[in-house]
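Beneath this line is the structure, given in structure tokens, with notes to follow.
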Amino acid sequence: MCHDSHKLQIDIGSTYFKISADGKTEQYFRNFNTNIYDDIEDKCGELISKYHKDNVFICSSANGGLSTLIIGISSLFSIKYATNIAFNSGINIIDTLLYSKIDEAIPPTEIIDVVIIAGGIEKVKSKFDNRLLEYLKRVKYSNIVYVGNGTDREFLRKNIENLVILENIIDNRLQIREKELKEYLTNLYQSDIVGKEEIKKLYSITSNQIYSTPYIVNRSLLKLRDIYDVADPFLVIDIGGATTDIHYSTDLIVDNNILTDSGYDRLVFKKLGVYKSRESLIFSAKSNEFVYELLNYLMVNENILEEDTPKATTILMQLAIFLVLYQVSKKNSEYISLKLDILNSIVVTGGVSKVLSQDDIDRIVKFFYKKILHFDTIPAIIIDREYKIWTLGMEEVHNV
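This is the structure in structure tokens:
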């Protein structure tokens, strides 16, 4: 008997999947010895069979995101703007290449999902030449897009097969134009998710579009006050098994040139997950100048990073929170900088919310604010233990 009036929501992550029905959410550890569909059917098939396909809604972050190589004319504008748009579209940046150094550049060995070529402002003379074409012959990529000035378009269109040409991401006032490239990259990300054979099989249990989880979470932010006592500007930290995503109010952005259409944006940190990205998280931690002092503050030593224990997992999750705050602070110029000194609320969601206590998170944020920002007070910390943000985002997207 189908529950025609009720809905079933499923979120598939790289390490866990969760199912929400009638206001109750259950979380399951993935069985990596079988495919996603069979795993879900094995654990929840009886429940799923009670729902009509029209009432089953699915999102996924199990693909881990797409990769990009960015080639730009200037590090201050073209590379910086393309990097910002790629991060905010859930794309993982493998490398950035300043065109003046292309002769000495070593191409990435892995297959790149999308190459972004970013030029200068309009009406400047052509910059790209045969050196770009020779370099691209040595890069294995699936998609390529140009987002620069008009003077280079004809040369690139003639010489690069399957090139997608979008509007210039730099306007004449040197401000960012993100809409077309962001839409293109978001659609690529979406296509990658639904194109995976494992995900395609899930259409046998739903008749609705399968969305990416970061997109679903971002859609919930406008309504966040309906479920939590948050105050703008705020930050949502979503720590999972493979990635850490942050969603933030755009009035936190330090750079005045980075103007966006939305009131909220996101960054994806592929190497800061706790399970699938465990090794890269540990590497990032060991490379940070403050982490050993932080471990001492937490009354553990660096040996904890080599352990496979519940205590070690707790420490890694705490380190992920610290590292992501550090990555977007003014201390670090690699990513977009946020004005964390004016932050009012931090909402913590994802798998970390099931493991860390309020005190575990408070201690990390206090250390960060005291050590990095020299502040004695911290923003309000809200923990989304029941994944209400995810279910709210699903309802926003599907109007259910």
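According to our numbering, the sequence shown is numbered sequentially starting from 12. Note that beta-carbon positions come from the ideal geometry of N, C-alpha and C, so glycine has one too.
In terms of residue numbering, what span does the beta strand (DSSP E) encompassing residue i cover?
i: Ser368; result: Premise fails: Ser368 is in no beta strand (DSSP E) and is neither H nor E.
i: His409; result: First-last for His409: 399-409, but that is the alpha helix (DSSP H), not the beta strand (DSSP E).
i: Leu19; result: 19-23
i: Val67; result: 67-71
Looking only at DSSP bridge pairs, what is residue i linked to?
i: Tyr157; result: Ile128, Ile176
i: Leu80; result: Asp106, Val126
i: Ser356; result: Phe245, Ala391
i: Lys29; result: Asp22, Gln38
i: Tyr152; result: Ile123
i: Gly361; result: Ile250
i: Ile113; result: In DSSP, Ile113 forms no bridge with anything.
Give me, in chain order, the residues of the same chain whose beta-carbon lies closer than 7 Å to that of residue i; leave out the 5 immediate sequence neighbours on both sides.
i: Lys399; result: Ile238
i: Ser356; result: Val241, Ala242, Phe245, Pro390, Ala391, Ile393
i: Val311; result: Ile326
i: Glu397; result: Thr36
i: Gly161; result: Glu133
i: Cys55; result: Ile30
Select from the options the residue whose C-alpha is nearest the C-alpha of residue i.
i: Asp243; options: Leu232, Ile250, Asp249; result: Leu232
i: Asp371; options: Ala323, Met405, Leu384; result: Ala323
i: Phe28; options: Arg142, Tyr62, Arg230, Ser71; result: Ser71
i: Arg164; options: Ser111, Leu177, Asp50, Ile82; result: Leu177
i: Leu354; options: Phe245, Val408, Glu406, Glu300; result: Phe245
i: Gly130; options: Tyr92, Lys234, Gly34; result: Tyr92
i: Ser89; options: Glu52, His63, Asp182, Ile102; result: Asp182
Within 10 angstroms of the Cβ of residue i, are there 16 or more other Cβ atoms? Answer buried if so, exposed if not.
i: Glu189; result: buried
i: Pro321; result: exposed
i: Phe294; result: exposed
i: Lys234; result: exposed
i: Ile122; result: exposed
i: Leu349; result: buried
i: Gln338; result: buried
i: Gln329; result: buried
i: Lys297; result: exposed
May I ask which residues mark the beginning and end of the alpha helix (DSSP H) holding residue i?
i: Val1; result: Because the chain here runs from 12 to 411, residue 1 falls outside it and cannot be looked at.
i: Ser231; result: 224-231
i: Phe98; result: 89-99
i: Phe166; result: 164-170
i: Glu293; result: Note that residue 293 is Ile in the sequence shown here, rather than Glu. Here the alpha helix (DSSP H) through Ile293 covers 289-298.
i: Thr324; result: 321-338
Residues in the same chain with beta-carbon distance under 6 Å from residue i, minus the five sequence neighbours each way, listed in chain order, please.
i: Gly404; result: Ile227, Val228, Arg230, Ser231
i: Ala97; result: Thr79, Ile104
i: Thr360; result: Asp249, Asp395, Ile400
i: His409; result: Phe68
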